[in-house]
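K.L.:
When the letters of the first sequence are read in order and numbered with my numbering, they come out as residues 509 to 1106.
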Amino acid sequence: MLFLDLSKMLEEIEKEPSRLKMMTLASQILDKTNKKEVDVLIYLLLGQFGATYKEIDFGIAEKTIISALSKATGIDKEKINKELRKLGDLGLVGEQIISSKVQKSLFSKKLIVAEVYSSFEKLAKMGGKGSIADKTNILVQMINNANPIEAKYIIRIAQKNMRLGLANSTIIDSLSLKFLKDYKESNLEEFEKLKEDYGEDVERYLRYKFKEKIESKYNIYPDLGGIAKKLFEKGSNGLRDIGITPFVPVMPALAERLPSIGKIIEKLGKSIVEPKFDGFRLQCHYDGKEVKLFTRNLEDMSEIFPDAVETIKKSVKKYPIIFECEAIGYNEKEDKYYPFQVTMKRKRKYDIPGVSKQIPLRLVVFDIMYLKGSLIDKPLLERKQILENAMTPNKNLIFPENIYTDDVPRIQKFFERVLSEGNEGIMLKDPNAIYTAGARKFAWVKYKKSYSSRAKDTLDLLVMGYFSGKGQRSKFGIGALLVGSYNEKENRYESIAKLGSGLTEENLESLQKALSEIKETEKPKEYVSGINPHVWVRPKYVVEVLYDEITKSPTHLCAKDEMGGLALRFPRLIKIRSDKNKVQTSTTKEVLELFKSQ
DNA sequence: CCTGTCTGCCC
DNA sequence: ATTCTGC
DNA sequence: GCAGAATGGGCAGACAGG
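1. How is PHE922 classed by DSSP in three states: helix, strand or coil?
2. Starting from SER993, trace the beta strand (DSSP E) both ways and give me its first and last residue.
3. Output needed for LYS660: all residues of its chain with C-beta closer than 7 Å, excluding positions within five of it in sequence on either side, in chain order.
4. Pick helix, strand or coil for LYS964, following the three-state DSSP scheme.
5. Is the separation between the beta-carbon of ASP1109 and that of ILE836 shorter than 8 Å?
6. Can you give me the start and stop residues for the alpha helix (DSSP H) that VAL1091 sits inside?
7. Checking the sheet assignment: what are the DSSP bridge partners for GLN791?
8. Distance, Cα to Cα, ALA1005 vs PRO1079?
9. Let me make sure I understand the geometry here. Which of ASN904, GLY881, VAL1050 has the alpha-carbon closest to that of LEU869?
10. Going by DSSP in three states, GLU1002 sits in which element: helix, strand or coil?
11. Check PHE975 in the structure and name its three-state DSSP category.
12. Could you tell me the distance, in whole angstroms, from the CA atom of TYR794 to the CA atom of VAL781?
13. Excluding sequence positions up to five away, which residues of its chain have a Cβ less than 8 Å from the Cβ of ASN940?
14. So the alpha helix (DSSP H) ALA763 belongs to, where does it begin and stop?
15. If you count every other CB in all the chains shown that lies within 10 Å of the CB of GLY733, and 16 or more means buried, which is it?
16. How far does the beta strand (DSSP E) with VAL953 in it reach, from first residue to last?
17. Measuring only the C-alpha atoms, how far is ALA559 from ALA736?
18. Using a Cβ-Cβ cut-off of 8 Å (strictly less than) and excluding sequence neighbours within five positions of ASN931, which residues of its own chain qualify?
19. Taking three-plus beta-carbon pairs below 8 Å as touching, is the stretch 559 to 574 in contact with the stretch 664 to 675?
20. On the three-pair Cβ rule with 8 Å, is the stretch 1057 to 1064 touching the stretch 1012 to 1028?
21. Rounded to the nearest angstrom, what separates GLY881 and PHE874 at their Cα positions?
22. Give me whichever residues DSSP pairs with ILE1058 in a beta bridge.
23. Could you check the C-alpha separation between ALA580 and MET509 for me, to the nearest Å?
24. With a cut-off of 8 Å on the beta carbons, I'd call ASP815 and SER864 a contact; round off their distance for me.
25. Would you report the Cα separation of PHE687 and LYS742, rounded to the nearest angstrom?
26. Distance check for SER684 and ARG527, CA to CA, integer angstroms please.
27. Taking the alpha helix (DSSP H) that VAL648 belongs to, which residues open and close that run?
28. Mind checking whether SER724 and SER535 have CB atoms under 8 Å apart?
29. Using the C-alpha atoms, what's the distance from ASP547 back to ALA675?
30. The beta strand (DSSP E) with LEU879 in it runs from where to where?
31. I think ASP808 touches LYS797, with their Cβ atoms under 8 Å apart; what is that distance to the nearest whole Å?
32. According to DSSP, ALA661 sits in a beta bridge with which residue or residues?
33. Take PHE907 and list the residues in its own chain whose beta-carbon comes closer than 7 Å to its own, dropping the five residues that flank it on each side.
34. Under 8 Å, do PRO754 and TYR912 count as touching if we go by C-beta distance?
35. Ordered along the chain, which non-local residues of its own chain (more than five positions away) have a Cβ less than 7 Å from that of THR572?
36. With DSSP run on the structure shown, which of helix, strand or coil describes ILE1039?
Below, the structure written as structure tokens:
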């Protein structure tokens, strides 16, 4: 397939707001391809390189692409940056620059989809001294051979962000549409029966069923390219032999959230309540010999946690097995878990033995998906039982404490105790629910302090400046704010977070109006900040900000004299406080006190 | 050899 | 991670 | 409610460049 043809079809998808129509358009792309290149095509649609669980990374992103674009077009980087701030998408910037350039060279060759893909594969493999320059050159070459539309998508592929408005689920939809006929023929009996019940809607219903089928396969074999290939090779029968397999990770089940324990119990009824630990989620595979560990995003971490591997070999008695745990740094002397920032240090390539000793991991094992066969369709209670019979707990591997109840005050007490022990919150789980691989369902609901309207902490922070936005936000010229606290002693404002979550279009619009009036060309003298926003503004507006935690920061300078810098974990906007003025900004002293009281 | 910038991936 | 938006 | 796309802090590692 010519890359130009693909690009034109991608543009159609991009313009289309209705997901149903996107599905149809995507299935039309599938009609134009074959079993040899369909996997590559699917990966490109997803802006992903290879199966979800063994994706390749490029080692280049925005800055390097800007260099490449500059080198390819002769336009200096500052100009490109300016355009980026205006358009909010490097792909669009590339498209615009290429189209305004004089005629494309007559000798430029036509880009082929498979070749574009393999160029990126080649680029990904490069490393070592001079490799950034080499990678840049590959990009330059592709851009030089590209039409404006092609350039747009090459740049977006390089960024692994296609901005098509279509992703996994819609692609699965399009596969189900394409192979519907095939599925119908191999399920003829079922089809006839359904016809009686559904009449005209039978096609749509059948497609839905087929979609569910593909989705359920994807959730235990997270490789859409591979699945598409099987469909192209063997039709709907191609999925038959896909089953849950040790060493192929399962898409992790995700938790929903609700704002109060009462609401959760209303929804779930009597629940299993466990602490929510603040570490890495690890999916563990073991066949009696080898152990593999996958993160929440299915990254292979087996080499990184040798102590966890040993723990599993020592403790797990039954296999082949796939189970799930939270891995947290554990302070043996004080019998306490380390905060997340400390556990994070374990995610490393060098000095693994040294840091393992310093920050040993404890595995808190909470679920099981496989033991000599799939368990994901078994109810949680049953899974828990199987799990507890499969391994022997010890100081490095435990089962979480839990209560089984619908007594809200009792859960509240549990929650408070668990928080005081340094945990993030609690998980409430429906005892009868299956393991909802790949889905955020009300089988599990998480509850943290910051979700509660009563107990949450907020700060009133000063807007010090703002950053231009990407995509949808570029039309407002604002993607995030730089916010800070007021230091009374020094009479200055100290940055504490960037704030980009929680901004509605309405917020953005009013901020745009308000902030454009108070722009400053230089950083105001009374500001202290480790990072520079695209635009500084005079001290005037205050916003109410919710967060989960105050952390010691290497980038923000709140309380820099006392603590070397503090920042907010998971900051989000609650409200623009048009009723407050800069005098009412939360002070650094208050922040310090909140930090110490955590 | 040191430092700053960029990137990817944890949450 | 959290949150908003269009369907 | 789903699916997709905005956005956060902060850690380690790879490179570039002085």
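Just so you know, even glycine gets a beta-carbon here, dropped at the ideal spot from N, CA and C.
P.N.:
Let's see:
1. helix
2. 988 to 995
3. GLY599, LEU600, GLY602, GLU603
4. coil
5. Within the shown structure, residues of the chain are numbered from 509 to 1106, placing residue 1109 beyond reach of any answer.
6. Looking at the DSSP string, VAL1091 is not in any alpha helix (DSSP H), and its letter there is neither H nor E.
7. PHE802, GLU832
8. 7 Å
9. ASN904
10. strand
11. strand
12. 27 Å
13. PRO887, LEU888, LEU889
14. From DSSP, ALA763 is part of no alpha helix (DSSP H) but of the beta strand (DSSP E) over 762 to 765.
15. buried
16. 948 to 956
17. 11 Å
18. PRO783, LYS784, PHE785, ASP786, TYR845
19. yes
20. no
21. 18 Å
22. LEU1076
23. 25 Å
24. 5 Å
25. 11 Å
26. 14 Å
27. 639 to 652
28. no
29. 15 Å
30. 869 to 879
31. Not a contact, Cβ separation roughly 17 Å.
32. It should be noted that the sequence gives Tyr, not Ala, for residue 661. Partner(s): none; TYR661 has no beta bridge.
33. VAL873, GLU896, PRO901
34. no
35. ILE640, LYS643, THR644
36. coil
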